[in-house]
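To keep things clear, I will list the structure first and then write my remarks on it.
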Amino acid sequence: MNYATTKKNVALTAEEDLLSDRDAISTNELALDLNATTRSTIDGRIFWKGNVLVRLGRSDTDLSLFLQGFTAASSDAFKEAFLLYADSKQPGLELVMHVARILRAISKELSPNKLDVTWASHSLKNISFRRSKRQICNFLEFLNDRHPGLVTNDALNFLLQAAYPKQSSRNVESDDPTKSWLTDQEYDDIVRYSWNHYDLTNSTSTALIRLLSAQYARRPSQLASLKFCDLKSDTQKVISELPDNEIHFPAAKERDAGSEFRAGKVEAHPIAKHLWDMLKIQRKEIKALFEKTLNLELSDSDAVKLPVFTNSRRIAAAAEMLEEKLNLNPSQCLDDELFHLIPLQVGRVIAFEFDMAGTGAGRRLRKDERELLRRPTSSRTNQPIIVTATRLRHTRARQLARQGVPKAILSYWLGHNEDTAIDAYYDDPAEDARRFDEIMGKGLAPIAQAFHGKIIATDAEATHPSDPSKRLEFAGDERLEYLGRCGKFSFCATTSIPIPCYRCKNFEPIAGAPHEEVLNALHYRQAQEHALIKPGSLRNLLIPIDLSEDIRAVERCIELCKIKRGDK
């Protein structure tokens with residue numbers, strides 16, 4: 006046997022042994038950490054340009070003041086650690102950039118040469134730094150592990166032991182008409198103005214952002230992340246029991262979520278037909294916008310990858326960054342985050358500070374039309390309503406809580422993980438007072454509408470026994486029936502005497518007067534109101550008459566008269 010044959014036989018034996026061993030192993034157990042060498046999710050999307058931290062598609066953060074006191078070696082070590090921290094998947098990318106902005110803000114008053122207790126003590130004076138203390142400490146611990154000495158242990162211990170800022174008054178519980186939840190009238194005005202804007206400009210993007218925010222109270226980051234693949238119908242739906250189509254909002258990035266775009270759970274909601282139809286129009290417009298800007302033709306399978314909200318400038322800028330910065334083909338990266346509007350811009354649209362497009366008619370608006378594009382005026386302040394995504398979220402949650410939606414359902418609807426996060430929406434003294442008044446009103450109404458006068462047996466007990474002008478009579482069967490007297494000192498302008506008198510505290514009815522005839526007349530007149538329309542009917546079609554309060558007052562008077570007479 007030659008060497009080649011021997012080598013082949015050994016190889017076959019080894020392969021047989023491998024197959025034999027694999028039979029005892031589950032197939033799933035063989036896929037061990039296959040993504041260990043995957044390219045970084047932030048590679049090329051966040052980098053340093055000098056002392057400026059650049060994130061593609063977002064605003065830059067200049068940390069020159071923060072780093073100017075560092076040595077060159079310390080500065081390089083800090084920058085390296087910052088990028089490693091961003092890529093560590095411990096924080097979200099938004100949180101990393103937030104930490105950078107906080108460090109930039111506190112450096113305007115003190116540029117550190119090292120991160121020691123003095124720097125930490127000064128930084129805690131900044132309320133934003135103190136509120137974000139935990140996230141900043143996480144980064145500083147990461148920095149200290151890789152480059153001991155850049156931040157002192159004393160500074161870390163000092164920051165970890167420092168108290169968080171006291172809970173300030175929350176806008177959701179405020180009575181400030183510029184910060185608290187909107188009244189029903191203000192909310193309705195916001196919706197009406199959004200539709201007026203759509204009618205005048207044909208800007209589907211602007212209308213959808215405002216209407217989706219008002220309807221679902223989603224955060225700007227969730228609206229900015231929407232894609233057309235988030236619109237579900239038929240078998241794609243999650244809530245199959247309902248006939249409505251669905252919209253699936255990407256969850257707002259949680260505190261410890263990774264930096265991947267659209268990571269995390271999905272919030273599924275039924276969607277009304279008018280919004281669904283507008284989203285279908287939006288899909289056609291966005292697809293045409295991509296085709297025109299990138300000079301390509303897209304299929305329906307490509308269209309579902311596109312962002313719901315973007316513009317031609319954003320598309321062109323994203324394509325340039327993908328090609329020049331990341332060496333990627335834009336036509337093969339249609340689902341990239343860079344094509345989406347940033348949340349800040351979505352928030353400005355919600356606030357009526359920015360329009361996604363000009364007028365569809367391509368003409369200058371008249372003055373009265375321009376007025377309709379502005380924010381509506383609040384009846385509480387006589388100033389334009391201050392609209393923010395947060396106010397709309399508070400308002401919508403308060404509306405649903407007042408409608409009796411249980412906490413568990415509202416918590417799910419808002420995307421909260423705990424029911425206790427929405428306690429403030431149910432702490433509603435004004436609504437509690439309204440409900441209490443509604444319940445008590447049913448019992449108190451008969452008392453408030455009842456007879457309040459003074460029953461007299463004879464004229465001698467009256468306040469004005471000898472004044473003929475105080476005598477009150479009722480036209481009965483072809484004669485005037487004496488009912489009692491008026492105890493008022495001054496002139497009374499009441500008409501239709503004596504019907505209104507039964508609800509007046511100054512009325513002094515005679516105990517033996519025929520008050521039953523008045524009651525019968527009232528019942529007859531009320532029956533005319535409820536009867537079918539006939540020629541010669543007393544029914545008033547323009548001003549319907551309700552005599553129920555007068556009837557209750559006369560009935561109460563009759564009961565008291567019986568007591569006065571001693572009747573059983």
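Start counting the sequence shown at 6; every next residue gets the next number (the working numbering). Every residue, glycine too, gets a C-beta built ideally from N, C-alpha and C. Owing to the predicted nature of the structure, the values given are computational and were not obtained by experimental measurement.
- Assignment of beta strand (DSSP E) within the stretch 82–168, counting only whole runs of 3 or more residues, yields no such run.
- By a beta-carbon distance limit of 8 Å, L108 contacts L68. Their separation comes to about 6 Å.
- With contact defined as three or more Cβ pairs closer than 8 Å, the stretch 339–348 and the stretch 152–163 are not in contact.
- Within the DSSP bridge table, the entry for I252 names L236, H274 as partners.
- Leaving aside the five residues that flank W124 on each side, the residues in its chain whose CB is nearer than 6 Å to its CB run, in chain order, P117.
- At a cut-off of 4 residues, the continuous stretches assigned as alpha helix (DSSP H) that sit fully inside the stretch 191–243 are 209–221, 225–229.
- Taken through DSSP and simplified to helix, strand or coil, K54 comes out as strand.
- Excluding residues up to 5 positions away in sequence, H253 lie with their Cβ nearer than 6 Å to the Cβ of V271 in the same chain.
- Looking at the backbone, the Cα of V243 and that of A321 are separated by about 35 Å.
- Note that the C-beta distance between N143 and A110 is not below 8 Å.
- The criterion of a C-beta distance shorter than 8 Å is not satisfied by L236 and L280.
- Of the candidates A229, R136, D181, L115, the residue whose Cα lies closest to the Cα of R353 is A229.
- Of the candidates T393, K113, I550, R60, K113 places its Cα closest to the Cα of G74.
- In chain order, L58, T66, L68 place their CB closer than 7 Å to the CB of A105, counting only its own chain and leaving out the 5 sequence neighbours on each side.
- When C-beta atoms of the stretch 297–312 are compared with those of the stretch 184–192, fewer than three pairs fall below 8 Å, so the two segments do not count as touching.
- The C-beta of D194 has 16 or more other C-beta atoms within 10 Å across all chains shown, which makes the residue buried.
- P473 is classed as exposed because its beta carbon has fewer than 16 other beta carbons within 10 Å across all chains shown.
- Apart from the 5 residues on each side of it in sequence, H469 sits with its Cβ closer than 6 Å to the Cβ of K475 in its chain, given in chain order.
- DSSP places C491 inside the beta strand (DSSP E), whose first and last residues are 485–491.
- Distance from the Cα of E251 is smallest, within the candidate group R267, F233, V392, for F233.
- Apart from sequence neighbours up to five positions away, the residues of its chain that approach H421 with a beta-carbon distance below 8 Å are I427, ordered along the chain.
- The beta carbon of G481 is closer than 6 Å to those of E522 in its chain, skipping five residues each way along the sequence.
- Shown here, A526 sits in a helix according to DSSP, grouped into three states.
- Taking C-beta separations shorter than 8 Å and ignoring five residues to either side along the sequence, the partners of M361 in its chain run S208, S210, T211, I214, F314, N316, V354, following chain order.
- Within the same chain, and ignoring the five residues on either side of A518 in sequence, the residues whose Cβ sits closer than 8 Å to its Cβ are E486, Y487, L488, G489, C566.
- By the beta-carbon neighbour count (other beta carbons within 10 angstroms, threshold 16), I291 is buried.
- A straight line joining the alpha-carbon of E329 with that of L299 spans about 15 Å.
- Taking the CA atoms as reference points, L331 sits about 8 Å from R50.
- F512: member of the beta strand (DSSP E) spanning 512–514, first to last residue.
- Shown here, F359 sits in coil according to DSSP, grouped into three states, outside any helix or strand.
- The DSSP-derived three-state label of R60 is strand.
- A distance below 7 Å between beta-carbons, with the five flanking residues on each side excluded, links L552 to the following residues of its chain, in chain order: L527, R530, Q531.
- Judged by DSSP secondary structure, E564 falls within the alpha helix (DSSP H) whose first and last residues are 553–570.
- Collapsing the DSSP output to three states places A480 in a strand.
- Closest by C-alpha distance to R403, out of L145, P96, V156, Y221, is Y221.
- Between R385 and the set K184, A516, R197, the nearest pair of CA atoms involves K184.
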